[in-house]
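Heads up: the sequence shown at position 256 corresponds to 281 in the working numbering, and the numbers run straight through without jumps. Backbone N, C-alpha and C define an ideal beta-carbon position, used for all residues, glycine too. Keep in mind that this is a model prediction, so the values were computed, not measured. Input: a single structure, listed below in structure tokens.
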Amino acid sequence: MNSKYEQIIKEVNFVRVGISETMAPHTTFKIGGPADLFVEIKNENDLTKVLAVAKNSQIPYFILGGGSNVLIGDKGVRGLTVKISNFKFQISNLTNIEVGAGLPLSLLLDKCVENSLTGLEFMAGIPGTVGGAVRGNSGAWQKNFSDRIIKVKVLTPSGEIEEIDKKDCLFAYRESRFKKSGDIILEAEIALEKAEGQEIKKRIKVFLEKRACQPKEPSAGCVFVNPKPLSAGQMIDQCGLKGKSFGGAKVSEEHANFIVNTGGARAVEVVSLIELVKKAVKEKFNIDLQEEIVRVGEF
Numbered sequence: 026m027n028s029k030y031e032q033i034i035k036e037v038n039f040v041r042v043g044i045s046e047t048m049a050p051h052t053t054f055k056i057g058g059p060a061d062l063f064v065e066i067k068n069e070n071d072l073t074k075v076l077a078v079a080k081n082s083q084i085p086y087f088i089l090g091g092g093s094n095v096l097i098g099d100k101g102v103r104g105l106t107v108k109i110s111n112f113k114f115q116i117s118n119l120t121n122i123e124v125g126a127g128l129p130l131s132l133l134l135d136k137c138v139e140n141s142l143t144g145l146e147f148m149a150g151i152p153g154t155v156g157g158a159v160r161g162n163s164g165a166w167q168k169n170f171s172d173r174i175i176k177v178k179v180l181t182p183s184g185e186i187e188e189i190d191k192k193d194c195l196f197a198y199r200e201s202r203f204k205k206s207g208d209i210i211l212e213a214e215i216a217l218e219k220a221e222g223q224e225i226k227k228r229i230k231v232f233l234e235k236r237a238c239q240p241k242e243p244s245a246g247c248v249f250v251n252p253k254p255l256s257a258g259q260m261i262d263q264c265g266l267k268g269k270s271f272g273g274a275k276v277s278e279e280h281a282n283f284i285v286n287t288g289g290a291r292a293v294e295v296v297s298l299i300e301l302v303k304k305a306v307k308e309k310f311n312i313d314l315q316e317e318i319v320r321v322g323e324f
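Next comes the structure, spelled out in structure tokens:
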């Protein structure tokens, strides 16, 4: 084993450690080669220590959330891959909550139901974690996760812990400052309201039913950001690309803005399909589609 990796492993009592860990099981796409060193961390102190060692040893690192909205290369990820498993859910000021970046969105909604807190039902069915939802400003049905955010706690590139007010997060449609700042999201404070648990459950059910038309096969979620006036899915459909495939990767026949893994798909096949779709939409509509998913590692 690389001596630099041994130093990292000695530094912290990790939740788990994997050498040459295959990343496919850690992503919703079920695609991805081996990470040189994969570690799972629960708290910000351990994260700070590990990243300090990585930086001092000039080891590149990648922060993995819930594994949605990401395509990991077939040749894997060099250096250190860190999964943050901070599942914090704490109520403050009766209706505000402080939640950890690693908390899955599905569990967040379960906790909201348990505590009779409403305001996030529109997030039902969206894969991933709080950290990923903050970074990409996830949402649906004309609502965004940022609508409810008060502030975000981060680890800065210089190793400092900071709290950033919502106005300074630069939220926009599927955008935030965190996509470029290098800050690692640790927690978010969210404003909600009180409601009956059963009513919240009913609203969640309605949003889940709206998502029934979305594919069930493994995917990374929507591949492209929706431009205007037509959505990405509508344009791809009008290009006649529903069902188009390369190997195990296919443009979903249920929703054209999804590329699904029909079994054994490779990252290079997904990339080929993405490029084909972008070219077709450019030729037909003169629009350059922007990818919502992030490519990581070596392809």
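Could you tell me whether the Cβ atoms of residue 120 and residue 217 are closer together than 8 Å? Taking the first residue of the sequence shown as position 1, residue 120 is located at position 95. Taking the first residue of the sequence shown as position 1, residue 217 is located at position 192. Cβ atoms of residue 120 and residue 217: closer than 8 Å.
Stretch pair the region 263 to 271 + the region 223 to 236: three plus CB contacts closer than 8 Å: No, the region 263 to 271 is not in contact with the region 223 to 236.
Integer-rounded CB distance, given that residue 43 should sit under 8 Å from residue 99: Taking the sequence shown and counting its residues from 1, one reaches residue 99 at position 74. Taking the sequence shown and counting its residues from 1, one reaches residue 43 at position 18. The Cβ separation is near 18 Å, so there is no contact.
ask   = Span of the alpha helix (DSSP H) holding residue 83?
value = The residue you call residue 83 lines up with position 58 of the sequence shown. In the DSSP assignment, residue 83 falls outside any alpha helix (DSSP H), carrying neither H nor E.
For residue 190, which option in 175, 250, 181, 260 has the closest C-alpha, if you only look at C-alpha atoms? Position 165 of the sequence shown holds residue 190. It is 175 whose Cα lies nearest to the Cα of residue 190.
Inset, instruction - Report the option in 193, 192, 194, 177 whose CA atom is closest to the CA atom of residue 186. - result: The residue given as residue 186 occupies position 161 in the sequence shown. Out of 193, 192, 194, 177, 177 has the C-alpha closest to the C-alpha of residue 186.
- Query: Could you give the C-beta distance for residue 101 and residue 246, rounded to a whole number, given that I count them as a contact under 8 Å?
  - Reply: Locating residue 101 in the sequence shown gives position 76, counting from the first residue. Locating residue 246 in the sequence shown gives position 221, counting from the first residue. Contact between residue 101 and residue 246 is absent: CB atoms are separated by about 22 Å, not below the 8 Å threshold.
| said: Do residue 243 and residue 279 count as a contact pair if the criterion is CB distance below 8 Å? | reply: Along the sequence shown, one-based indexing puts residue 279 at 254. Along the sequence shown, one-based indexing puts residue 243 at 218. The answer is no: Cβ separation not under 8 Å.
Q. Are there three or more Cβ pairs, one per stretch, closer than 8 Å when the region 101 to 113 is compared with the region 50 to 67?
A. Yes, the region 101 to 113 is in contact with the region 50 to 67.
- Query: Does the region 289 to 306 come close enough to the region 63 to 74 that 3 or more CB-CB pairs lie under 8 Å?
  - Reply: By the C-beta criterion, the region 63 to 74 is judged not to be in contact with the region 289 to 306, since fewer than 3 inter-stretch pairs fall below 8 Å.
message: Suppose you measure from the CA of residue 201 to the CA of residue 50; what does that come to, to the nearest Å?
response: Within the sequence shown, numbered from 1, the residue matching residue 201 stands at position 176. Within the sequence shown, numbered from 1, the residue matching residue 50 stands at position 25. Cα to Cα, the separation comes out at about 27 Å.
| message | What does the Cβ neighbour count give for residue 116, buried or exposed, with the cut at 16 atoms within 10 Å? | response | As a working mapping, residue 116 is identified with position 91 in the sequence shown. Under a 10 Å Cβ-count criterion, residue 116 is classified as exposed, with fewer than 16 other Cβ atoms of the shown protein chains found around its own Cβ.
Could you give the distance in angstroms between the alpha-carbon of residue 134 and the alpha-carbon of residue 192?
Along the sequence shown, one-based indexing puts residue 134 at 109. Along the sequence shown, one-based indexing puts residue 192 at 167. Whole-angstrom Cα-Cα distance: 25 Å.
* **Spatial distance of residue 303 from residue 94 (CA atoms)** => By 1-based counting over the sequence shown, the position of residue 303 is 278. By 1-based counting over the sequence shown, the position of residue 94 is 69. Computed Cα separation, rounded: 17 Å.
- Item | Contact check, residue 159 vs residue 203, beta carbons under 8 Å | Position 134 of the sequence shown, counting from 1, holds the residue named residue 159. Position 178 of the sequence shown, counting from 1, holds the residue named residue 203. For residue 159 and residue 203, yes; Cβs fall inside 8 Å.
Exercise. Does DSSP put residue 209 in a helix, in a strand, or in coil?
Worked result: Reading the sequence shown from its first residue, position 184 is the one you call residue 209. The DSSP-derived three-state label of residue 209 is strand.
What first and last residue would you give for the beta strand (DSSP E) that runs through residue 190? Here residue 190 corresponds to residue number 165 of the sequence shown, with the count starting at 1. Secondary structure note for residue 190: its beta strand (DSSP E) is the uninterrupted segment 186 to 190.
Review point. Buried or exposed: residue 144, going by 16 or more other Cβ atoms within 10 Å of its Cβ?
Key: Locating residue 144 in the sequence shown gives position 119, where the first residue counts as 1. Residue 144 should be labelled buried.
Note to self: If the criterion is Cβ atoms closer than 8 Å, does the pair residue 32 and residue 78 meet it?
What the structure shows: Position 7 of the sequence shown holds residue 32. Position 53 of the sequence shown holds residue 78. The beta carbons of residue 32 and residue 78 sit closer together than 8 Å.
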